[in-house]
Amino acid sequence: MKKISEDSGKANRQFNAPVGWLLGRQLVAGLKFIAVYSLFGPKLDSKDWMSAEPIKVHEHESEDGEFWFDYIADSGDGQKAVYNIAYLCQGDLWLRKADGKQRVELKPSADASRLPRGRFLFVGGDAAYHISDYETLSGRFRDPFNWAFESRTKNDGAPPDQRSIYAIPANHDYYDAIDGFNRQFRKPLISSDSDLGPQLQLDGFCRAQDASYVALKLPFDWWFWGLDTQAGAIDFRQKTFFRSLFSSDSNSRGTPDDSNYQPPNKLIVATPEPSTAYRRWIDDQAELVKTFESLELDRAFLLCNDGKLPEGHCRLDISGDMHHYARYWGSDADGERTAQSRENYASVIAGGGGAFLHPTHTHGDGITESRLYPDIVQSIGLFVSRLLNPWNIARGGYIWAVGGLLSLLLYFAGSIPDSTWSLVPIVADDARPLSQQDGTFVTSILAALQKDLSVPELKQGARTISNFPYIPDLLIAIAVIGGFAYWAVRCARRKAGLRIETKEWNILKACLGLAGLIAIALVITLILTPKESIPHPLLASFLGVSFIVGGILAIVLTRLYINLVFVRFKSLSDPGGAQDSSRQFSIRYWIEQFIFWDYLPSWILMISAIFNVLFGLWRYGVYKAAVTFSDSVFIVVLALVIFGLIAYAAGIGGIGLERRARIMILLIGFWHLVLQLFSSVLLVAHHDAPTIAFALVTLTAATVGIGFLVPHMMDRYPKFKDQQVIAAFLLVSWLAIGSGELFFALAGNAAAEVSAGRMAAAFLTGSMLSCVWFGWYLAVASTYRGHYNETGGGARSDRYRHIVRFKLEADRLTGHVIGINQPVSDFDPENLPTFDLVDVFSIAVNNKK
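The sequence shown begins at 593 in this note's numbering and counts up one residue at a time.
Listed below in structure tokens is the structure:
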């Protein structure tokens, strides 16, 4: 860490590209931290040690009746984009009208108006990606900011004045338990002339906050609240802090007296997640809604309120999380009014601080935004062209490796093991390794593998193989998995903060115990039912894996239930939660109720898990270990791919969409699954190398060509700017290209011999086609308004970044949104770029009587 601190100023400006999101190296390296946060985030409260005081240093800093400050969010990704953002944040800007548009320039001119540099910079969460740890913040946040400081100093002839910087953490900051966040934004505990060591310092900025949340007292009786709402929720310590700012003196117990609490009338609230996004109304029961309710802030963003605040109040809700700009409500500075205009309230998403761009065309059908950047047409053109570029998908992570391994596994399964080859013989028997006579070393290895994975029982005259008697086994396995999965989901969704009433608790205990007993009874029934035949080896492995999965689910369910036992005991330990609290703490009651009755379902479930696992290994392990292992691996991988891609489409891709749209995304996902499973393996099995190469080049050229064609047609033909037209065009094109590839793959002969070259070709072809098909899937699904997050991560575009420069007046707040359509590598003083003024909006106190 010390070396990084010392070398930061020596770093050359070879800008690192945006991080990879498609199983990229950085993402894979940080999965364990992400998993820990996902599993234990609410229990690992990093705010417990914090204490904060309101910051009033800006209270009297206004000049000529104005106070300026800057806002960014979601930074620390592609270094070039962050460098551009930092350059704009570190100096004055000038606004000039040119060619009928308001342009933002970096040098003053006679007819330009000045946008002064903000007195402070506020960072609204996710300071760096994937994980805001020390190293990532140093390379992807601090270095670009310090490079921008050097460029500003060189171009302006003097270093920028020092400004304060404040921030709140979001989920990517919490993946590192906000340790990196504290080093970057928390007030240093040592003097400025000491060795900073592991602290992170930005040139031109000073840190002044004590906690992960902050309250700034601004001029003209305005307040700026930065809330650390992890997963939308606010903790008790933070809630107490904000309420104490506007409460009377403490009562006799030393706690703030809330009886006279009144939040400020003029308020800016920054949160890590938006209250309104993608034209969708927030759920009334969302954690963020409860947070605003706990602070007694009007929830103007609810459907029932439609952006309306009481007279005499004025509030801006601002956040990042979505990496684009969108404004809901508020008033246009030019006076233009729409049905969405509101004089005293606005909800703004301003997540353009440097991270990859989120699409704006994956929107819902609720409220319409007042401003959007980039607009829907720009968004579709950009994302389609980037997603239909296989090279761009390949650079985004290891999705190509997954596709290559899947294709290799399918080709291996259809040519080497007897069990899978007997069902899907993609090559002829005389083309398999044991039938070849070339005697090469590689062929000998493949022949040895085929011999080890041979199944004598499949030969004529061997033991009888019949699948029909095992249908009951299959149905029981499905029932056991389904039952345990159902109750696991029910237990996992149980809110930890809700009291579990006695009647509900007894029903839950009875149901879980009964589920375990039924599973044990079914397994015993199968044990007592003799079978004269054996199942096909693939079915035997499938049944064995299924019963093992059932056992694993029983263990998971046991763990979830035990967590609820503790929740139940915690609710009973509250004296207000039961009639006889003295009995709750008696040793006899604890032994009788908790040790035995409450834990009895967990013992039954654990016994059921043991029964399932041992029965699966004993009953269906009738073939040699090599065959069972090979088939089990094949089944598990295939199941993960099939159910994973379907769940990926129906679950993740359809988040926030109506039922009809979700069904459409599911059908698109099914077509993607078909292409991923069959296109590459059939092409390799049925064609020679030149033909395979020709097919890949043609397919890639057609895909890239469509990617270039769509933006061109959108510019040339007005009717092609309709999103439904573009979606239909892309879907038909993908169906035509995918069907053509499948028919072409099937058209060859199946006489090609299995060899190491074919195995390598299967991997390489699968690698390339996985990038092609996944890009098509995201491009088509996004035009049907699905996969907003995955579309952004797949495209990894650093275009259309922005900052917001605010002007604060006595009763008005005005936001100037400066857009960076294309970031530059250097700010040459002789050829400085200009930027777009994306939006100018205002909110004002409404004192009408």
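Cβ atoms here follow ideal geometry from the backbone N, Cα and C, with glycine treated the same way.
Predicted, not measured: the structure shown is a model, and the values here were computed from it.
- Runs of the beta strand (DSSP E) lying entirely within the stretch 937-993 and spanning at least 3 residues, in chain order: 937-942 and 963-965.
- Your pair GLY710 and ARG1397 checks out as a contact, with CB atoms roughly 6 Å apart and the cut at 8 Å.
- By the Cβ-count criterion, TRP814 is buried, with 16 or more other Cβ atoms from all chains shown falling within 10 Å of its own Cβ.
- As computed with DSSP, LYS1399 is found in a beta bridge with TRP660 and THR1406.
- Assigned with DSSP and collapsed to three states, TRP814 falls in coil, not helix or strand.
- In this structure the stretch 1269-1284 touches the stretch 985-1005; the number of beta carbon pairs closer than 8 Å is three or more.
- For VAL1214, the three-state secondary structure derived from DSSP is coil.
- Fully contained in the stretch 1345-1406 are the following alpha helix (DSSP H) runs of length 4 or more, in chain order: 1348-1375 and 1380-1387.
- In this structure PHE714 is in contact with TYR758, their Cβ atoms being roughly 5 Å apart against a cut-off of 8 Å.
- In the DSSP assignment, CYS1103 falls within the alpha helix (DSSP H) that extends over 1094-1119.
- The beta carbon of THR1150 sits closer than 6 Å to those of SER1194, LEU1197 and MET1198, all from its chain and outside the five residues before and after it, given in chain order.
- Its chain contains ILE910 and ARG919 as the residues whose beta carbon lies nearer than 6 Å to that of VAL940, once the 5 sequence neighbours on both sides are disregarded; these appear in chain order.
- Comparing C-alpha distances from GLY1074 to each of ARG1251, VAL1141, ILE1008 and ASP827 shows the shortest one belongs to VAL1141.
- A distance below 8 Å between beta-carbons, with the five flanking residues on each side excluded, links GLY988 to the following residues of its chain, in chain order: GLY612, TRP613, LEU614, GLY616, GLY1385, GLY1386 and ARG1388.
- Judged by their CB atoms, MET914 and PRO866 are nearer to each other than the 8 Å cut-off.
- Rounded to the nearest angstrom, the gap between the Cα atoms of PHE1207 and VAL1296 is 52 Å.
- Per DSSP, reduced to three states, the secondary structure at VAL1432 is strand.
- The alpha-carbon of VAL1072 is positioned some 28 Å away from that of ARG1254.
- Per DSSP, ALA1319 is one residue of the alpha helix (DSSP H) stretching across 1315-1338.
- A straight-line Cα-Cα distance of about 37 Å links GLY1261 and ALA862.
- Under the three-pair Cβ rule at 8 Å, the stretch 1421-1439 does not count as touching the stretch 645-660.
- Residue burial annotation: ALA665 is buried, with at least 16 other C-beta atoms found within 10 angstroms of its C-beta.
- Beta-bridge annotation (DSSP): PHE1427 is paired with VAL696.
- Its Cα nearest to that of ILE1037, the residue SER1347 stands out among TYR721, SER1347 and ILE991.
- Taking the C-beta atoms as reference points, GLU961 is found nearer than 8 Å to ARG871.
- Within 10 angstroms of the beta-carbon of TRP983 lie fewer than 16 other beta-carbons, which makes it exposed.
- With the rule of 3 Cβ pairs closer than 8 Å, the stretch 1287-1303 does not count as touching the stretch 1228-1246.
- The DSSP assignment places 726-729, 735-748 and 763-766 as complete runs of the alpha helix (DSSP H) inside the stretch 706-768, in order along the chain (cut-off: 4 residues).
- Within the DSSP secondary-structure output, LEU859 pairs in a beta bridge with TRP815 and ARG907.
- In the structure shown, GLN791 adopts coil according to DSSP, grouped into three states.
- Setting aside the 5 residues that flank it on each side, SER977 is surrounded in the same chain by GLY1299, PHE1300, VAL1302 and PRO1303, each with a C-beta closer than 8 Å to its C-beta; the list follows chain order.
- The alpha-carbon of ARG706 is positioned some 19 Å away from that of PRO1421.
- Between GLY945 and SER667 a beta carbon distance of about 4 Å is seen, short of the 8 Å cut, so the two are scored as contacting.
- Residue nearest to ASN1413 within the set VAL696, PRO610, THR1056 and GLU645 is VAL696 (criterion: CA-CA distance).
- DSSP places SER1222 in the helix class (H, G or I) of the three-state scheme.
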